[in-house]
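Protein sequence lines correspond, in order, to chains G and Z. Each number in this note's numbering corresponds to the 1-based position in the first sequence with 24 added. Quick note on numbering: this note's numbering labels position 155 of the second sequence as 146, and the sequence is numbered without any gaps.
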Amino acid sequence: MLNPDGAGAPAGSRLLEARGIRKSYAALEVLRGVDLVVERGELVFLIGPSGSGKSTLLRCCNRLEEPSAGTLLVDGVDLMSPRIDINRARRQIGMVFQGFNLYPHLDALGNVTLALRKVLRLSRRDAEARAMETLALVHLQDKARSYPGQLSGGQQQRVGIARALALEPKIILMDEPTSALDPELVGSVLGVIRELRERGMTMVIASHEMGFARSAADRVLFLEGGVIVEQGTAEQVFTSAREARTRQFVQQIMH
Amino acid sequence: MNALAGEFLNLDVMWRVMPMILAGLARSAVLCAVLLPIGLAGGIGAMLLSTSRVRAVRWAAIGAIDFFRAFPPLVLIVFVYAGLPFLGVELPTLASIAIAFFLNASSYFGEIYRAGIRSVPAGQAEAARSTGMTASQTFLSVTFPQAVRNVLPELISNTVELIKLTTLASIVSVPELLHSADLARSLTYNSSPLILAALIYFAILWPLVRLAGRLEHRLR
Ligand SMILES: Nc1ncnc2c1ncn2[C@@H]1O[C@H](COP(=O)(O)OP(=O)(O)O)[C@@H](O)[C@H]1O
Ligand SMILES: [Mg+2]
């Protein structure tokens, strides 16, 4: 589980296998050959300074951002294949955004049902039934008819999680899910993430919630300058990092 | 003072020309019912072309939109109406007007839609695409509804402009409201029919103007 390459584990247990991911914007190389291999049921934390490429890496994993180079397998499906139906593949990969990105013109239920109706082509009734179940998982069944503007940040982010979760993805990528929240609202979102983990959901989370990482993350990856500098358990990375750069960064976010 | 009222607010004259005015109003309503959808739908086409990923298409569309926004609509109507027959194209009057309005109104509505699309944060489409929705599903269900909502005041204001522009149909002898009123004026040697037409326009357009103002206030 803690082996960085997942070597030794049966190939089928690798849910996400991104290798040699590179991404350049014009002359700027943001990702310089990143390997991100995630086992089924694993919760991987991605830390690193602002601009280190965390968001870009996550966005490359569902090709919201086109990698300049690299291979990308999700549950054995080659996402970089020229014949891939990327919309079909994305159903398997949930995404949660720093700024929530809820649809403001739809209520919480509408936010969750939209893809169920358009992508899975469920009937309205079936979509709403499934959306209500999913909203219950994030403890928002009472807010189904509220619009994003009427919800707190923590509630909005939980709707965002429900929107991703409703499609029953194999993995959920979260880009700083709590960093836009007031401190008192962070706990409710982390609580939901913890429950997802207990249900066996595979997740990659870019976040600096160190306490949460310590108690919930299987692995912490430290990204800097577009490369993974170091990885290990939360304990290893936060208290006994091998690399000076890692120690320096951990020092910064602890204060 | 009485002479002024007699010339402009002669109720007797207004009453006598009422059937003509109402017939004109009906014709104006038909014009609006045909031209407004043409403009609204044409605007979507103009917006799609002017935001095309193909640069040549984009530039051509933006050029055409600029041209038709700057081109006086009255001259445009005359050109289409009187000019096309020279090219061997004979069209009914209404079709000529529809073409002229298509070119003019699509350009204006297209620019409004484009501003609306720009006002929707990129994260909206990204969220939708991340759930597996296609580009067109995303546009129809996420981007476009928000775009329209964000520019609703401008769309309504431009609708008011379009309704007023339908009076230009009078220059190609379509007996719409203003044309009928002017005819009534020349028949009665009295300007009251024009005032009556103006009052009718005001009664129809003022609520729309008010609505646009209120929406603008609410959205800011
Ligand atoms: N669309 C873009 N165009 C150009 N540069 C970008 C773009 N997106 C991100 N970048 C750059 O890529 C680098 C990494 O960004 P990002 O992945 O957002 O980092 P992080 O999420 O770790 O803060 C930054 O230097 C950022 O300015
Ligand atoms: Mg980021």
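Ideal Cβ positions, reconstructed from N, Cα and C, are used throughout, including at glycine.
- For Ala42 (chain G), the uninterrupted beta strand (DSSP E) segment begins and ends at 38 to 49.
- Going by beta carbons, Ala230 (chain G) and Met278 (chain G) fall outside the 8 Å limit.
- Between the alpha carbons of Phe124 (chain G) and Gln180 (chain G) lies a distance of about 7 Å.
- Apart from sequence neighbours up to five positions away, the residues of its chain that approach Glu(-2) (chain Z) with a beta-carbon distance below 8 Å are Asn181, Ser182, Ser183, ordered along the chain.
- If you look at Met104 (chain G), you'll find it isn't in any beta strand (DSSP E); DSSP assigns it neither H nor E.
- Under the DSSP definition of a beta bridge, Ile186 (chain Z) lacks any partner.
- Across the set Z:Ser127, Z:Phe70, Z:Arg18, the C-alpha of Z:Arg18 shows the shortest separation from the C-alpha of Ile154 (chain Z).
- Those residues that have a beta carbon less than 5 Å away from any non-hydrogen atom of ligand 1 are, in order along the chain, G:Tyr49, G:Val54, G:Ser74, G:Gly75, G:Ser76, G:Gly77, G:Lys78, G:Ser79, G:Thr80.
- By the CB criterion at 8 Å, Val261 (chain G) and Val68 (chain G) fall outside the cutoff.
- Around the beta-carbon of Met9 (chain Z), fewer than 16 other beta-carbon atoms lie within 10 Å, marking it exposed.
- One thing to note: Ile29 (chain Z) has its Cβ no nearer than 8 Å to the Cβ of Phe70 (chain Z).
- DSSP, reduced to helix, strand and coil, places Leu197 (chain G) within a strand of the structure shown.
- Nearest CB-CB separation between Tyr127 (chain G) and chain Z: below the 8 Å threshold.
- DSSP lists G:Arg46 as the bridge partner or partners of Arg56 (chain G).
- Between Val142 (chain Z) and Leu196 (chain Z), the gap from beta carbon to beta carbon reaches 8 Å or more.
- With the rule of 3 Cβ pairs closer than 8 Å, the segment 262 to 278 of chain G counts as touching the segment 237 to 246 of chain G.
- C-alpha of Gln128 (chain Z) to C-alpha of Ala138 (chain Z): approximately 15 Å in a straight line.
- When the beta-carbon positions are compared, Gly178 (chain G) and Leu209 (chain G) come within less than 8 Å of each other.
- According to DSSP, residue pairing for Phe69 (chain G) in a beta bridge involves G:Ile229, G:Val244.
- For the 8 Å CB-CB criterion, Gln116 (chain G) and Asp99 (chain G) form a contact.
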